[in-house]
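Working notes, structure below.
Protein chains: 2
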Amino acid sequence: MGDTTGTTARRRPGLTRERVLRRAVEIADQDGVTALTMRRLGDDLGVEAMSLYHHVRGKDGILDGAVEVVLDELHDAVSRAAAPPGEGGWRDAIRVRILAARTVMLRHRWAPQVMESRNVMTLSAARHVDGVVALMRAGGLSWDLVHHGLHALGSRIYGFTLELGEPEGGDDETQAMLSQIAPQIPNLVAMFMEVAHDDPDSTLGWCDDQTEFEFGLDLVLDGLERLAAKA
Amino acid sequence: MGDTTGTTARRRPGLTRERVLRRAVEIADQDGVTALTMRRLGDDLGVEAMSLYHHVRGKDGILDGAVEVVLDELHDAVSRAAAPPGEGGWRDAIRVRILAARTVMLRHRWAPQVMESRNVMTLSAARHVDGVVALMRAGGLSWDLVHHGLHALGSRIYGFTLELGEPEGGDDETQAMLSQIAPQIPNLVAMFMEVAHDDPDSTLGWCDDQTEFEFGLDLVLDGLERLAAKA
DNA sequence: AGATAAGTCTTACGCCGTAAGGCCGATCGG
DNA sequence: CCGATCGGCCTTACGGCGTAAGACTTATCT
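These protein sequence lines map, in sequence, to chains A and B. Residue 23 in my numbering sits at position 23 of the first sequence, and the numbers go up by one each step. To get my numbering, take the position in the second sequence, counting from 1, and add 1000.
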C-alpha cells in the first residue's frame, strides 16, 4: 500500500518471464522438448539454472508457459484468419479457424505432446474454444450438440491430431521385418500398395498430413452439420 | 548349430522378459508411468536394476514391451467381442471392435500417453488395424476411403482419444479464477451451465467419457458410411 | 573336474530438477 | 548522503534417474 510510483522493483532484471519462455519455445522448436532442460535454458540465457526460479514456477511452470506462448500465437493466427462474422456458414468459419490454428502447431511440433501430457485449459485455450462454441451456437446448434461436438473434435480443435505409428519404413531392417510379418496383415499391405500406387513419388511418409487432417476435420464437421439440420 | 536338445540355456533365469513386462504394466497401472523406473521395477522383482538389462533393451524396451502387453490384451478382448463375419454391417462390426479395445485402455490409463509418445506400429497393433481395414473393405469401401478413414479415426481405433483440459473445477482457487475469466469465455460458460443443468448430479467431471467417445466414434463412422454409399 | 556362459550384482558416471542459502548492487527512508 | 532493504543472480549440494563396464555366481556341457 502507498506504492506511489506503482513499481516496487529494486533492480532491473536481466531476465524476464517473457524472455525465459520465449527462449524455452525456441529450444523446444529446434532440439525437441527433451532438450529443454533447466541448465540448458539457463546456459542459453547466459545465466545459472537456479536463476530461472525467480521468474518461473519451475520446470512445470516453464512447460506451461511455453504452451501459453504457443497458444497466444495460435490466438493471433486465428484472429487474423477469422472471417468477419455473418459471412458464410458456421461450418466453414470454424474450418478456417482450425486450419489457422494448425499452421501454428506445425511450427511447434513438440506442443501437441506437451499439451496432451498436462491439463491445458488456460485462458488462451479457453478463448479459442469459446470462439468455436460461439460459431456453433450462431449456426443454430443446441448446447448439447455443441458440447458433444467439442468432444468429437477433440484436440483437432487446436489444429492437431496425434498420429500413431506412421509406417516409417526407411532402413533395411525395418523393410525385412515388414516383409516378414506382411502375411499377417494382408489388408494393410494391400492398402499401402494401392495408395502408394496412386501417388508413386513417395516411398515413405506418403501420408499427406494436411490432407488427412482436413479429411478428418470435414468428416466431423459434416456430421455435426447434418445432426444440426435434423434437429 | 548341432544344438541337440534345442536349448542352449546354461542357467534357469529367475527373471523373464514376460515377468518383467507384466510387472512393469502393474506398476504403471497402480502408480502411474512416472513411477515405472528401472530401480523400482527391479525392487519389485527382488532384483537389482541392472539385471533387467539381460531381458529387456533398457527403459525404452520396457515401455515398448509394456505397450505390447496391453496390445496383446486388446487383441484378446477384440477377438472375443468380434461378431462372426457376415452378421450385420461393417460399421457396427467395427464399432464393436473399437469399444472392446476401449475397455482394455480404460484398464491401463497410462497406455494412451505412452503410445502417443512413441512410434507404436508393432505386429499386435498392426493386426488390430488390419482387422478394421478388412471389415471396411468387406463393406465395399475403396482403398482410398479406407486409408482416409484410418486417419480420421486416429487413435480412436485403439479405443482412446486424449482429452485436453477437462474443467477440473474442484478447489476454491480454481473456482475463483474461473469466475474471474468467465466474462471472457461467455459461450463456454453458457454451455457448461446448460449441460450441467441437464444432468444436475455432477458438480464436476460431468462429461461422460464413454458417451462422448461413442458420439465421436459414431460421427466418424457415419461419415465414412455415407461417403461409401455415395461412391 | 574343468570350461563355458548366462544370470545377477557392484560400482560409477553424467545427467536431471530443485532446496537452501550467500553475495551483490540498485533503490529508498532518513 | 548513508545505511537498511530486498530483488536478482549464483554456489553448493542432494537424491533420483538411465545405463556403461566389469566382477561374481552357478547351472550345464564336455
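Glycine included, C-beta positions come from ideal geometry on N, C-alpha and C. Fair warning: this is a prediction, and the values are worked out from it, not measured in the lab.
In chain B, no part has a C-beta under 7 angstroms from the C-beta of A:Gln210; the shortest such distance is about 11 angstroms. CA-to-CA, the gap between A:Tyr158 and A:His75 works out to about 10 angstroms. With a beta-carbon spacing of about 6 angstroms, B:Val1067 and B:Val1120 fall inside the 8 angstroms limit used to define contacts.
The DSSP-derived three-state label of A:Ser142 is coil. Taking 7 angstroms as the cut-off, the beta carbon of A:Leu145 is found closer than this to the beta carbon of A:Leu227.
Separation of A:Val129 and A:Gly88 (C-alpha to C-alpha, rounded to the nearest whole angstrom) is 20 angstroms.
In the three-state DSSP reduction, A:Leu15 falls in the coil class, being neither helix nor strand. In its chain, beyond the 5 residues on either side, Ala49, Leu52, Lys59 have a beta carbon closer than 7 angstroms to the beta carbon of A:Met38. For chain B, the residues of the region 137-161 of chain A that bring a beta carbon within less than 9 angstroms of one of its beta carbons are Arg137, Ser142, Trp143, Asp144, Val146, His147, His148, Gly149, Leu150, His151, Ala152, Leu153, Gly154, Ser155, Arg156, Ile157, Tyr158, Thr161, in chain order. Contact between A:Leu123 and B:Glu1116 does not hold, since the beta-carbon distance rounds to 26 angstroms and is not under 8 angstroms.
Among the CB atoms of chain A, one or more fall inside 7 angstroms of the CB of B:Glu1116.
In summary, A:Met193 is exposed, with fewer than 16 beta-carbon neighbours lying within 10 Å of its beta-carbon over all protein chains present. Proximity of B:Leu1178 to chain A, defined by a Cβ-Cβ separation below 7 angstroms, is not satisfied.
Between A:Val96 and A:Ala77, the gap from beta carbon to beta carbon reaches 7 angstroms or more. For B:Met1038, the enclosing alpha helix (DSSP H) starts and ends at 1038-1044. Counting every other CB atom within 10 Å of its CB across the protein chains shown gives B:Arg1102 a total of 16 or more, marking it as buried. Among the CB atoms of chain B, one or more fall inside 7 angstroms of the CB of A:Met191. Using a Cβ distance threshold of 7 angstroms, B:His1055 and B:Val1020 count as a contacting pair.
Here DSSP, grouped into helix, strand and coil, assigns B:Phe1215 to helix. Here DSSP, grouped into helix, strand and coil, assigns A:His55 to coil.
Residues of the region 1108-1134 of chain B with a C-beta less than 7 angstroms from any C-beta of chain A: Gln1113, Met1115, Glu1116, Ser1117, Asn1119, Val1120, Met1121, Leu1123, Ala1125, Ala1126, Arg1127, Val1129, Asp1130, Val1133, Ala1134, listed in chain order. Per DSSP, the continuous alpha helix (DSSP H) segment holding A:Ala111 begins and ends at 110-117. The C-beta of B:Asp1208 has fewer than 16 other C-beta atoms within 10 Å across all chains shown, which makes the residue exposed.
Straight through space, the alpha carbons of A:His108 and B:Leu1188 are spaced by roughly 26 angstroms. Exclusion of the five residues before and after A:Leu135 leaves Trp90, Ala93, Ile94, Arg97 as the residues of its chain whose Cβ lies within less than 8 angstroms of its Cβ. If the five residues before and after B:Ile1027 are omitted, its C-beta is found closer than 8 angstroms to the C-beta atoms of Ala1035, Leu1036, Arg1040, Leu1041, Asp1044, all from its own chain and listed in chain order.
The contact set of A:Asp198 on chain B, defined by CB atoms closer than 8 angstroms, consists of Asp1144 in chain order. Distance from the CA of B:His1197 to the CA of A:His147, rounded to the nearest whole angstrom, comes to 13 angstroms. Cβ-Cβ distances below 6 angstroms link A:Ala182 to Val189 in the same chain, with the five nearest sequence neighbours on each side left out; the list follows chain order. Interface with chain B (7 angstroms Cβ-Cβ cutoff): A:Ile185 is included.
Here the C-alpha atom of B:Leu1015 lies approximately 11 angstroms from the C-alpha atom of B:Arg1023.
Under the three-state reduction of DSSP output, B:Thr1034 falls in the helix class. Closest in C-alpha terms to A:Thr211, from the list B:Ala1176, B:Lys1230, B:Arg1057, B:Ala1152, comes B:Ala1152. What A:Gly223 touches in chain B, judged by beta-carbon distance under 7 angstroms, is Leu1219, Asp1222, Gly1223, going in chain order. Flagged as an interface residue toward chain B: A:Glu194, by a C-beta distance shorter than 7 angstroms.
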